[in-house]
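Terminal number for the sequence shown in the working numbering: 1073, no gaps in between.
First comes the structure, then the notes that go with it.
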Amino acid sequence: MVRLRAVILRHPHYQNRYLGAKGFKRGVSVVTVMSVLWSPYIVGLGLAAFVLAVVASLLFQHRERPGGYELFAFMLLILAWALIYAVSLLVYEPTLRLWLHRVMYLAILTVPVAWLSFSLVYTGHSNHKNRRLLGSFLIIGVIFAALVLTNPDHGWVWTHTEVAVVSSIAVVQDVPGVLYYPMLVYIYSVVLFGAFLILRESIGSMGLYHDQTAVLLLGTGTPVVVSLLSIGGITPVDGLSMTPYAFTVSGLAFGYAALRIDIFDLLPATRNLGRDLAIDHLAEGIFIVDRSGRIVDTNDAGAQFFNTYPHALIGTNIRQLLAVDDELALTHLPTEVQLEGQLIGLTVSPIHDTIEVPIGHTVVLRDTTEQRLRKTQLEVLNRVLRHNLRNKLAIIQGHINLLADQYAIEDDGSKVDIDNAIEELTELSDRSREFERMKDLERLDAVTVNLDALVKQCVSELTSMYPDAHFEQSIPAELSIDTHKEVLDIVLENLLHNAIVHNDRPEPMVLIEGAMTENGLRIVVTDNGPGIPVEELEVLTSGRETAINHGSGLGLWVTKWAIQYLQGEIHFELLDSRGTRVTIELPTLSPSDSTNRAHRTNTATMQDLPEVVKRKHQRNNSPHRIR
447 MVRLRAVILR
457 HPHYQNRYLG
467 AKGFKRGVSV
477 VTVMSVLWSP
487 YIVGLGLAAF
497 VLAVVASLLF
507 QHRERPGGYE
517 LFAFMLLILA
527 WALIYAVSLL
537 VYEPTLRLWL
547 HRVMYLAILT
557 VPVAWLSFSL
567 VYTGHSNHKN
577 RRLLGSFLII
587 GVIFAALVLT
597 NPDHGWVWTH
607 TEVAVVSSIA
617 VVQDVPGVLY
627 YPMLVYIYSV
637 VLFGAFLILR
647 ESIGSMGLYH
657 DQTAVLLLGT
667 GTPVVVSLLS
677 IGGITPVDGL
687 SMTPYAFTVS
697 GLAFGYAALR
707 IDIFDLLPAT
717 RNLGRDLAID
727 HLAEGIFIVD
737 RSGRIVDTND
747 AGAQFFNTYP
757 HALIGTNIRQ
767 LLAVDDELAL
777 THLPTEVQLE
787 GQLIGLTVSP
797 IHDTIEVPIG
807 HTVVLRDTTE
817 QRLRKTQLEV
827 LNRVLRHNLR
837 NKLAIIQGHI
847 NLLADQYAIE
857 DDGSKVDIDN
867 AIEELTELSD
877 RSREFERMKD
887 LERLDAVTVN
897 LDALVKQCVS
907 ELTSMYPDAH
917 FEQSIPAELS
927 IDTHKEVLDI
937 VLENLLHNAI
947 VHNDRPEPMV
957 LIEGAMTENG
967 LRIVVTDNGP
977 GIPVEELEVL
987 TSGRETAINH
997 GSGLGLWVTK
1007 WAIQYLQGEI
1017 HFELLDSRGT
1027 RVTIELPTLS
1037 PSDSTNRAHR
1047 TNTATMQDLP
1057 EVVKRKHQRN
1067 NSPHRIR
């Protein structure tokens, strides 16, 4: 048992409250000697300090990890807060007790800045601009700390402070001054801002960081809620702050986060910094503009288009930079502009907030000068080669026929081989013309297609060309799907034609089956031919040709790209007995897929495939190879 002095300083409210009806004169300091038992409230603070010390030592081992130093500093500060408060509750000498009360606020005012610093590093937002913001908060905290330490001289934070002994502990009773509540607003604002950064990243991560976020917000939110209850007077002892006791939850939460859920390994900073780094290193210039067209952000490549630095373009209207009409809507910007002799391609995409309200646009600039030059060169080369190829092949064919007639050459098979070679080269030339014109066609919209009728139409055309071929259909008459009819027609015509032309049997047979599945439509084409050569399938599977591995034509490539255009899949199977089975899986398309499908295909040619469709019925009816 310890004999200590309890001192109640001058304040009428507290004198009346704690001295009761004993008749002491108002405004007179009272000193008395009393017996004090050890308080259980000190035990709770000791437990909190122990947990925080253990977790702080654990975090010290991870200090080199991203956010490690910041979280360790945060833990040290709340540990200091808890220790100072525990000591102050046992100090009954008024001058020392009030001095400790003010010193404790140095930790209280620094804790929010440490938490925000960790939040910025954890979420990957610790850039120069945010570090300046963090420094501003720190300066405000230092100013408030100086005002707290000098409060006896001005009384701006507390107009009166008194020490009272309640339940064997010394608590400070104070009357708020003019700056007390602004100081609280500052503290809670900084803490909540840091929590908001973490919560926002969790919401945008599709569940990737939910566990980490829940634990971090539990460790931070518990002291915040408890402190608000203490300010509201909801405490077991009048004047006792319960916030340091809540730090036990903080310590346990942060310790669990460090040990069990990889808080230093799986953190949003990886995604954010990686995304920013990728954007900064893109060759394309990326501009983020508001609804009026003012630039709010850009990457280094964007600034290089105008020979300046990114910060110099902030606030400039994108129309001014591109030298276009100031009244022109952003969505109607030209797709190409000239900048200092360079041809620059533009792509504009809208930005919407969480409730789909338009708030701005992204404008992507890329130098298309070399691309346009190569495109022009290829067009010229293709046109010249194709034109000359057809002309020279016609001359060769004519002279061969003349020679055969003039010298009465007996047909030993050589002329047939030459004729076939010329025919295949001519067909290849026609196919290349179709590819060249792909880019010039408009988009096609999805319509309802009856598969049975479409197959019968293809079969009718092929039967007239190959009367010996035998086709069988196993397709329900009502089977229909919403897709691009002209492209599907190309697919069926190519596959059926391929099954007949490359069939070495006297009576080629082709079976066409169709059925609906959970994901759309399945079409199966089976023939009794020799099968597609393995090297052809390997080329299609790998998606590229080499000098050693290459296909014999363009037909299967057209079929594959057409299936991709329809957002479907195609599979080839060589049968054990004889023949090939080709399976096509097609989804049901909506009209909107017509404008979006280019983003879901993996080749530039695919975007322009409808040119093949328009050219289909202009081809001659001579037999041709698909592969």
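Glycine included, every Cβ here is placed at the ideal spot set by N, Cα and C.
None of these values were measured; they are calculated from a predicted model.
Cβ neighbours of residue i in the same chain (closer than 7 Å, five flanking residues each side left out)
{"i": "Ser-572", "result": "Leu-566"}
{"i": "Leu-934", "result": "Val-895, Leu-900 and Leu-1012"}
{"i": "His-757", "result": "none"}
{"i": "Ala-528", "result": "Leu-491, Ala-494, Ala-495, Leu-498, Pro-690 and Phe-693"}
{"i": "Leu-839", "result": "Ile-868, Leu-871 and Thr-872"}
{"i": "Asn-1042", "result": "Residue confidence is low: Asn-1042 scores 45 on pLDDT, short of 50, so the model does not pin down where it sits. No coordinate-derived value is stated."}
Exposure of residue i, with buried meaning 16 or more beta-carbon neighbours within 10 Å
{"i": "Arg-755", "result": "Here residue 755 is Tyr; the residue named in the question, Arg, does not match the sequence. Its Cβ having fewer than 16 others within 10 Å, Tyr-755 is exposed."}
{"i": "His-948", "result": "buried"}
{"i": "Phe-564", "result": "buried"}
{"i": "Ala-560", "result": "buried"}
{"i": "Thr-569", "result": "buried"}
{"i": "Ile-732", "result": "buried"}
{"i": "Tyr-627", "result": "exposed"}
{"i": "Arg-543", "result": "buried"}
{"i": "Pro-952", "result": "exposed"}
{"i": "Lys-821", "result": "exposed"}
{"i": "Lys-1006", "result": "buried"}
Proximity below 9 Å, CB of residue i to CB of residue j
{"i": "Ala-499", "j": "Leu-517", "result": "no"}
{"i": "Ile-764", "j": "Val-810", "result": "no"}
{"i": "Ile-649", "j": "Gly-513", "result": "no"}
{"i": "Leu-759", "j": "Thr-777", "result": "no"}
{"i": "Asp-792", "j": "Leu-779", "result": "The sequence as given places Leu at residue 792; Asp does not occur at that position. Cβ atoms of Leu-792 and Leu-779: closer than 9 Å."}
{"i": "Gly-587", "j": "Pro-558", "result": "yes"}
{"i": "Gly-806", "j": "Val-735", "result": "yes"}
{"i": "Gly-960", "j": "Ile-921", "result": "yes"}
{"i": "Leu-493", "j": "Ala-616", "result": "no"}
{"i": "Val-956", "j": "Glu-907", "result": "no"}
{"i": "Leu-1035", "j": "Thr-929", "result": "yes"}
{"i": "Ala-747", "j": "Leu-728", "result": "yes"}
{"i": "Gly-761", "j": "Arg-740", "result": "yes"}
{"i": "Asp-657", "j": "Ile-707", "result": "yes"}
{"i": "Phe-751", "j": "Ile-790", "result": "yes"}
{"i": "Leu-645", "j": "Thr-668", "result": "no"}
{"i": "Ala-699", "j": "Val-661", "result": "yes"}
{"i": "Thr-666", "j": "Ser-696", "result": "yes"}
Residue i, DSSP secondary structure in three states
{"i": "Leu-523", "result": "helix"}
{"i": "His-798", "result": "strand"}
{"i": "Trp-604", "result": "strand"}
{"i": "Ser-534", "result": "helix"}
{"i": "Asn-896", "result": "strand"}
{"i": "Thr-659", "result": "helix"}
{"i": "Gln-619", "result": "strand"}
{"i": "Thr-1126", "result": "The chain is shown from 447 up to 1073; residue 1126 falls before or after that span and cannot be answered."}
{"i": "Gly-640", "result": "helix"}
{"i": "Leu-779", "result": "coil"}
{"i": "Asn-763", "result": "strand"}
{"i": "Thr-808", "result": "strand"}
{"i": "Phe-710", "result": "coil"}
{"i": "Asp-851", "result": "helix"}
{"i": "Leu-645", "result": "helix"}
{"i": "Asp-736", "result": "strand"}
{"i": "Leu-839", "result": "helix"}
{"i": "Thr-793", "result": "strand"}
{"i": "Gly-599", "result": "Here residue 599 is Asp; the residue named in the question, Gly, does not match the sequence. Three-state result, Asp-599: helix."}
{"i": "Arg-1027", "result": "strand"}
Limits of the alpha helix (DSSP H) - the one that residue i falls within
{"i": "Ala-560", "result": "540–569"}
{"i": "Asn-753", "result": "Here Asn-753 belongs to no alpha helix (DSSP H), and DSSP marks it neither H nor E."}
{"i": "Glu-1075", "result": "Shown here, the chain extends from 447 to 1073; a query on residue 1075 therefore has no answer."}
{"i": "Gly-697", "result": "689–706"}
{"i": "Glu-773", "result": "Counting along the chain, Glu-773 falls outside any alpha helix (DSSP H), and DSSP gives it neither H nor E."}
Range of the contiguous beta strand (DSSP E) that encloses residue i
{"i": "Gln-919", "result": "916–920"}
{"i": "Pro-682", "result": "Neither: Pro-682 is in no beta strand (DSSP E) and is coded neither H nor E."}
{"i": "Leu-957", "result": "955–962"}
{"i": "Leu-967", "result": "967–973"}
Residues near residue i by beta carbon distance below 6 Å, same chain, minus five either side
{"i": "Val-971", "result": "Leu-941, Ile-958 and Val-1028"}
{"i": "Leu-584", "result": "Val-559"}
{"i": "Leu-686", "result": "Val-617"}
Close-in-space but distant-in-sequence residues of the same chain around residue i (CB under 8 Å, 5 per side omitted)
{"i": "Asp-771", "result": "Arg-765"}
{"i": "Gly-1014", "result": "Gly-966, Ile-1030, Glu-1031, Leu-1032 and Pro-1033"}
{"i": "His-600", "result": "Leu-593"}
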